[in-house]
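Scroll down for the structure; my scribbles are underneath it.
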Amino acid sequence: MILFIVFEYVARPCANAQRSPLKTLPKHREQRGFPAPRANRAGGSLFLPGPLRVGILFLATTLVAPLPCKAVQARRPSETTSPARSSARNAALVNRARKLVQDGDAQGALSVLEQADLRAANAADVHALKGTCMALLAKPVESAEEFDAAIALHPLYAPTYFSAGLASASFNNLDRALERLAMAVKLDPSLPRARYTYALVLARAGQFAASEQQADLELNTRLGRSETDLEIWRLKARDAYFQHKWQDTADSFNKVLALDPNNAEAYADTGEAFFSLNRTDEGLRALKKAEFLDPENGLTHALLGKLYQDTGKTQPAIAEFEAADRSRPNDQDVIFRLARLYKQSGDTLNANRRLQQLKDLLAAQNNQSMNEAKATELNNAGVELAANGDLSGALDQFDKAARADVTNVIFQRNAALILCRLGRAEEAIRRLRDILAVDPDEPESLQILAVANEMAAARSGTKPALPQVKLAQ
Numbered sequence: 067m068i069l070f071i072v073f074e075y076v077a078r079p080c081a082n083a084q085r086s087p088l089k090t091l092p093k094h095r096e097q098r099g100f101p102a103p104r105a106n107r108a109g110g111s112l113f114l115p116g117p118l119r120v121g122i123l124f125l126a127t128t129l130v131a132p133l134p135c136k137a138v139q140a141r142r143p144s145e146t147t148s149p150a151r152s153s154a155r156n157a158a159l160v161n162r163a164r165k166l167v168q169d170g171d172a173q174g175a176l177s178v179l180e181q182a183d184l185r186a187a188n189a190a191d192v193h194a195l196k197g198t199c200m201a202l203l204a205k206p207v208e209s210a211e212e213f214d215a216a217i218a219l220h221p222l223y224a225p226t227y228f229s230a231g232l233a234s235a236s237f238n239n240l241d242r243a244l245e246r247l248a249m250a251v252k253l254d255p256s257l258p259r260a261r262y263t264y265a266l267v268l269a270r271a272g273q274f275a276a277s278e279q280q281a282d283l284e285l286n287t288r289l290g291r292s293e294t295d296l297e298i299w300r301l302k303a304r305d306a307y308f309q310h311k312w313q314d315t316a317d318s319f320n321k322v323l324a325l326d327p328n329n330a331e332a333y334a335d336t337g338e339a340f341f342s343l344n345r346t347d348e349g350l351r352a353l354k355k356a357e358f359l360d361p362e363n364g365l366t367h368a369l370l371g372k373l374y375q376d377t378g379k380t381q382p383a384i385a386e387f388e389a390a391d392r393s394r395p396n397d398q399d400v401i402f403r404l405a406r407l408y409k410q411s412g413d414t415l416n417a418n419r420r421l422q423q424l425k426d427l428l429a430a431q432n433n434q435s436m437n438e439a440k441a442t443e444l445n446n447a448g449v450e451l452a453a454n455g456d457l458s459g460a461l462d463q464f465d466k467a468a469r470a471d472v473t474n475v476i477f478q479r480n481a482a483l484i485l486c487r488l489g490r491a492e493e494a495i496r497r498l499r500d501i502l503a504v505d506p507d508e509p510e511s512l513q514i515l516a517v518a519n520e521m522a523a524a525r526s527g528t529k530p531a532l533p534q535v536k537l538a539q
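As structure tokens, then:
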């Protein structure tokens with residue numbers, strides 16, 4: 067269990083940590099936690115307390131075997147200790163230090179290691195364990211120096227690179243962590259958990275395609291070991307999710323559910339994948355199961371609200387959005403949808419109350435005009451990318467614009483157009499129906515929806531004429 071906690075925390079810094087300037091977290095939609103289910107994420111931390119403290123030192127002091135010995139360096143004439151005795155004394159000191167580290171006394175372990183002979187054949191063991199101690203004492207520079215010294219003595223020893231990478235990840239120094247972990251995997255592809263950790267840190271750095279590739283390689287070596295398959299399938303599912311590979315997301319989370327049938331996060335993400343693929347019934351079933359398992363999850367309520375709104379079930383939609391608002395207050399999209407739903411149902415009082423709440427929220431944040439300007443800039447950058455043939459890049463810009471300003475349908479409509487051009491008609495239909503659920507008479511969305519429906523029905527790969535994406539004024 068300790069090892070599982072270690073690797074989960076490598077990808078998710080603790081919530082109360084200070085933000086590190088080295089790397090920022092990749093944006094999850096609506097700030098959902100990664101990889102733990104729905105946890106809010108702050109920035110990276112210099113050191114993660116609690117279970118990770120035990121986990122890192124447990125890993126570094128038990129998983130990494132003693133290093134192979136090199137020839138003993140020449141000693142000063144005054145030195146009387148024999149090379150064999152010096153190495154034996156170092157080994158005893160390392161064992162004592164490891165026990166102290168496992169007992170939570172990193173400073174005591176470091177004091178013991180200071181007595182070691184760094185000219186002995188097993189000095190690399192000492193440096194590596196000192197690197198671990200420095201990491202546990204929140205000293206990133208000193209930790210890196212010790213691991214560098216160990217690597218300099220034995221540059222082809224994979225476990226040292228692995229421990230160094232793990233320590234760097236705990237400081238949120240993802241570039242260095244990836245460099246060390248990549249070398250560990252290169253030197254010893256079968257090193258226990260090295261490739262999995264490498265995949266986790268790649269995902270933590272936002273490199274989801276590379277993470278998915280490493281996860282696939284790890285799966286090839288793990289098949290049939292269900293106790294470890296679960297964590298790698300979860301990682302693979304998240305990698306697919308962040309790349310908007312919705313069918314792969316659903317398939318991978320189905321593997322997770324086969325191993326963990328009561329995983330609320332897996333049901334919620336599967337539901338969102340089906341929602342994005344416009345498979346309403348399947349999405350509804352998965353989201354209702356997620357809601358049953360985790361009734362306080364605001365994101366699940368919001369997705370259910372969108373599905374009910376799309377199918378014209380106004381009162382169930384209102385109930386779900388109200389539940390989402392209680393769980394995650396001040397979500398602009400939820401408040402905006404509630405205002406429109408109340409207006410459609412004739413509840414003017416609540417419609418005006420929600421509109422005023424949205425205005426007050428934007429005024430308090432002093433960001434309405436800033437958001438609009440940012441969204442316009444993102445949208446227009448997407449138009450330029452689309453004109454140059456970079457449809458995937460354009461889609462990313464339109465999605466960002468839609469998140470920055472939830473009230474302007476142009477951005478979602480442009481995204482739907484790009485999805486049509488990419489041949490992803492079902493996803494386009496979902497986006498357009500989402501627009502029309504809020505504004506049923508939006509003419510251009512209705513026009514694009516007709517084309518998208520024709521594409522989806524034909525299944526021939528042909529793409530009827532589509533209007534151009536639009537600049538935002």
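Under the working numbering, the first residue of the sequence shown carries the number 67, and numbering increases by one thereafter. Note that beta-carbon positions come from the ideal geometry of N, C-alpha and C, so glycine has one too.
Item	Value
Just to confirm my understanding: we take Val322, look at its own chain, exclude 5 residues before and 5 after, and list those with CB closer than 7 Å. What are they?	Leu296, Trp299, Arg300, Ala303, Asn329 and Ala332
Can you check whether the CB of Val251 is closer than 8 Å to the CB of Arg242?	no
Asn396 to Leu404, Cα distance in whole Å?	12 Å
The alpha helix (DSSP H) spanning Thr347 covers which residue range?	The question names Thr, yet the displayed sequence has Asp at residue 347. Thr346 to Leu359 is the extent of the alpha helix (DSSP H) around Asp347.
So, is Lys196 buried or exposed, given that buried needs 16 or more other C-beta atoms within 10 angstroms?	buried
Where does Val207 land, buried or exposed, given buried means 16+ other C-beta within 10 angstroms?	exposed
Could you tell me the distance, in whole angstroms, from the CA atom of Ser393 to the CA atom of Ser236?	30 Å
Lys425: buried (16+ other C-beta within 10 angstroms of its C-beta) or exposed?	exposed
How many Å lie between Ala503 and Pro382 at the Cα?	14 Å
Rounded to the nearest angstrom, what separates Asn161 and Ala215 at their Cα positions?	19 Å
Report yes if the C-beta distance between Thr336 and Leu373 is below 8 Å; otherwise report no.	no
Buried or exposed for Phe308, please, with buried defined as at least 16 other CB atoms from any protein chain shown within 10 angstroms of its CB.	buried
Rounded to whole angstroms, what is the Cα-Cα separation between Ala385 and Gly448?	35 Å
Can you look up Ala453 in the DSSP assignment and give me helix, strand or coil?	helix
Any idea if Leu415 is buried or exposed, counting beta-carbon neighbours within 10 angstroms, 16 or more meaning buried?	exposed
Could you tell me the distance, in whole angstroms, from the CA atom of Ser229 to the CA atom of Ala248?	12 Å
If contact is defined by three or more beta carbon pairs under 8 Å, each pair taking one atom from either stretch, is the segment 493-512 in contact with the segment 359-368?	no
Taking the straight line between their C-alpha atoms, what separation do you get for Ala522 and Trp312?	17 Å
Would DSSP call Leu205 helix, strand or coil?	Looking at the sequence itself, residue 205 is Lys, so the reference to Leu does not match. Lys205 falls in the coil class under three-state DSSP.
Looking at Ser22: is its Cβ nearer than 8 Å to the Cβ of Leu268?	The displayed coordinates of the chain run from 67 to 539. Any statement about residue 22 would go beyond what the structure contains.
Could you give the first and the last residue of the continuous alpha helix (DSSP H) run that contains Ser177?	Ala172 to Leu179
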